[in-house]
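Participant: Dumping the structure here so I can ask a few things about it.
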Amino acid sequence: MSQLDIDHVSLYLGQGSQRFLALQDISLSVAAGEFVCLLGPSGCGKSTLLGALAGHLRATQGSLSLAGQTIQGPSPERGLVFQHHTLFPWLNVIDNVAYGLKMRGIAKPERHQRARELLEQVGLAGFEERFPSQLSGGMQQRVEIARVLINQPRVLLMDEPFGALDALTRLKMQELLVDLWTRLRTTVVFVTHDIDEALFLADRILVMSPRPGRIIDELSLTEHRPRRHEVLTTPAFSRLKRHCLDLLRHPDTTLPLDRLSPLGMAPELSAERLRFAV
Ligand SMILES: Nc1ncnc2c1ncn2[C@@H]1O[C@H](COP(=O)(O)OP(=O)(O)OP(=O)(O)O)[C@@H](O)[C@H]1O
Ligand SMILES: [Mg+2]
Numbered sequence: 295m296s297q298l299d300i301d302h303v304s305l306y307l308g309q310g311s312q313r314f315l316a317l318q319d320i321s322l323s324v325a326a327g328e329f330v331c332l333l334g335p336s337g338c339g340k341s342t343l344l345g346a347l348a349g350h351l352r353a354t355q356g357s358l359s360l361a362g363q364t365i366q367g368p369s370p371e372r373g374l375v376f377q378h379h380t381l382f383p384w385l386n387v388i389d390n391v392a393y394g395l396k397m398r399g400i401a402k403p404e405r406h407q408r409a410r411e412l413l414e415q416v417g418l419a420g421f422e423e424r425f426p427s428q429l430s431g432g433m434q435q436r437v438e439i440a441r442v443l444i445n446q447p448r449v450l451l452m453d454e455p456f457g458a459l460d461a462l463t464r465l466k467m468q469e470l471l472v473d474l475w476t477r478l479r480t481t482v483v484f485v486t487h488d489i490d491e492a493l494f495l496a497d498r499i500l501v502m503s504p505r506p507g508r509i510i511d512e513l514s515l516t517e518h519r520p521r522r523h524e525v526l527t528t529p530a531f532s533r534l535k536r537h538c539l540d541l542l543r544h545p546d547t548t549l550p551l552d553r554l555s556p557l558g559m560a561p562e563l564s565a566e567r568l569r570f571a572v
């Protein structure tokens, strides 16, 4: 059953003569518990689409809905994580994580208990009393994820959340996220322009064209779990990577993936397991 529905969404940004089409006729559905990556070149409208899902931007045409309810504004049931954390510098880690519960009037012992549980899940037990400035970038993003998850969102909207981290920390954060998602099964829409990141994380990759953003291809990787980073160097994934790279470089001239490989897909990633639509 689809949980998130984007139905023929077009979106203009800017004012007057500066006005331009940022998203053009985007339709997609995301199933409950699915992990979807939006992959596209810089400036193609990924953050714009996520902003519309978050309820911060209004679609010019079309509609967006979550569990049948039209999205009309921001809500804690759609948790948003950016590249840079939004933690309060004057609150310690546990109070940052528990903040959403405080806003809902939940008493301190209960909110601290739930925050502690989440901090343990993101590998930060023992760091409750630290302040954000006393944490590494990766740890700050772990706190940020816990801060969002405490609201038990139906959907986690992530906009290049690991983009500012060093390469090794980034890989660890990707593993942590998959681990969390495997346990919680929260629906995730994850924006990235990093092909490897999308290939490692996604059930489904939606590739976007340069501006105005459109969905130009869709790769389904659902059955390929659990996944380790080593999978990215297998011939099948290398082929997928090359396909994505071609799409990002030459969005209008790329051949369908199956024609890239006259010998067919590698057995571990057979054509039946992959669905492509242009
Ligand atoms: N408020 C705004 N007013 C005018 N133009 C904007 C505004 N916000 C974004 N843009 C432009 O809209 C287009 C889409 O931007 P968006 O931030 O969604 O792209 P993106 O795919 O997320 O890019 P990146 O990978 O660099 O983050 C870009 O050309 C950007 O310059
Ligand atoms: Mg962006």
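Converting from the sequence shown to this note's numbering requires adding 294 to each position, the first position being numbered 1.
Beta carbons: idealized from backbone N, C-alpha and C, even for Gly.
On the CB-based measure, 16 or more other CB atoms within 10 Å of its CB, does Q434 come out buried or exposed?
Facilitator: Per the 10 Å Cβ criterion, buried.
Participant: Using a 10 Å radius around the Cβ and a threshold of 16 neighbouring Cβ atoms, would you call L462 buried or exposed?
Facilitator: L462 should be labelled exposed.
Participant: Please tell me whether I320 and R508 are closer than 8 Å, where the distance is taken between their beta carbons.
Facilitator: yes
Participant: Flag this pair as yes or no: are the beta carbons of L332 and L343 separated by less than 8 Å?
Facilitator: yes
Participant: Beta carbon of L451, beta carbon of G337: below 8 Å?
Facilitator: no
Participant: Beta-carbon within less than 7 Å of E454's beta-carbon, same chain only, minus the 5 sequence neighbours each way: which residues are those?
Facilitator: Q377, V485, T486
Participant: Can you tell me where the beta strand (DSSP E) holding I439 begins and where it ends?
Facilitator: Not the beta strand (DSSP E): I439 falls in the alpha helix (DSSP H), residues 431-443.
Participant: Just checking D453 against ligand 2 - is the residue's beta carbon closer than 7 Å to any of the ligand's heavy atoms?
Facilitator: yes
Participant: State buried or exposed for Q468, treating a residue as buried only when at least 16 other CB atoms are found within 10 Å of its CB.
Facilitator: Q468 sits buried, since 16 or more C-beta atoms from the chains shown fall within 10 Å of its C-beta.
Participant: Is K535 near ligand 2, with its Cβ less than 7 Å from a heavy atom?
Facilitator: No; taking the cut-off as 7 Å, the Cβ of K535 has no heavy atom of ligand 2 nearer than that.
Participant: Could you check where the alpha helix (DSSP H) with D543 kicks off and where it finishes?
Facilitator: Here residue 543 is Arg; the residue named in the question, Asp, does not match the sequence. 529-543 is the extent of the alpha helix (DSSP H) around R543.
Participant: Check each residue's C-beta against every heavy atom of ligand 1 and list, in chain order, those closer than 6 Å.
Facilitator: L307, G308, A316, G334, S336, G337, C338, G339, K340, S341, T342, H487, R505
Participant: Kindly indicate the opening and closing residues of the beta strand (DSSP E) around H302.
Facilitator: Taken as a continuous stretch (DSSP letters only), the beta strand (DSSP E) holding H302 covers 296-307.
Participant: Sort E438, R398, A353, S359 by Cα distance to I599 and report the nearest one.
Facilitator: The structure shown has nothing for residue 599, since the chain only spans 295 to 572.
Participant: Can you tell me the Cα-Cα spacing of D488 and W384, whole angstroms?
Facilitator: 33 Å
Participant: Quick check for students: name the residue ranges of the beta strand (DSSP E) that lie wholly in the region 458-522, counting only runs of 3 or more.
Facilitator: 481-486, 498-502, 509-514
Participant: According to DSSP, is T380 helix, strand or coil?
Facilitator: In the structure shown, T380 sits in coil (DSSP, three-state: anything other than H, G, I, E or B).
Participant: For the candidate residues H537, S430, G349, whose alpha-carbon lies nearest to that of L459?
Facilitator: S430
Participant: Does the beta-carbon distance from A325 to Q297 come in below 8 Å?
Facilitator: yes
Participant: Using CA coordinates, which residue listed in G327, S323, G349, F329 is at the minimum distance from L305?
Facilitator: G349
Participant: Within 10 angstroms of the Cβ of G288, are there 16 or more other Cβ atoms? Answer buried if so, exposed if not.
Facilitator: Nothing can be reported for residue 288: it is not among the residues displayed for the chain, which extend from 295 to 572.
Participant: Below 7 Å CB to CB, which residues in the same chain sit around L322 once its five sequence neighbours on both sides are set aside?
Facilitator: I300, L500, I509
Participant: In the DSSP assignment, find the unbroken alpha helix (DSSP H) run with Q415 in it and report its ends.
Facilitator: Where Q415 is concerned, the enclosing alpha helix (DSSP H) stretches over 402-415.
Participant: Count the other C-beta atoms from every protein chain shown that fall within 10 angstroms of the C-beta of K340, then say buried if there are 16 or more, exposed otherwise.
Facilitator: buried
Participant: Where does G356 sit, in a helix, a strand or coil, going by DSSP?
Facilitator: strand
Participant: Under the three-state reduction of DSSP, which class applies to Q363: helix, strand or coil?
Facilitator: strand
Participant: Whose C-beta lies closer than 6 Å to the C-beta of V442 among residues of the same chain, with five residues either side of it excluded?
Facilitator: G373, V375
Participant: When you compare only the Cα positions, how much space is there between Y393 and G399?
Facilitator: 10 Å
Participant: Mark A401 as exposed unless 16 or more other C-beta atoms lie within 10 angstroms of its C-beta, in which case mark it buried.
Facilitator: A401 counts as exposed, since fewer than 16 other beta carbons sit within 10 angstroms of its beta carbon.
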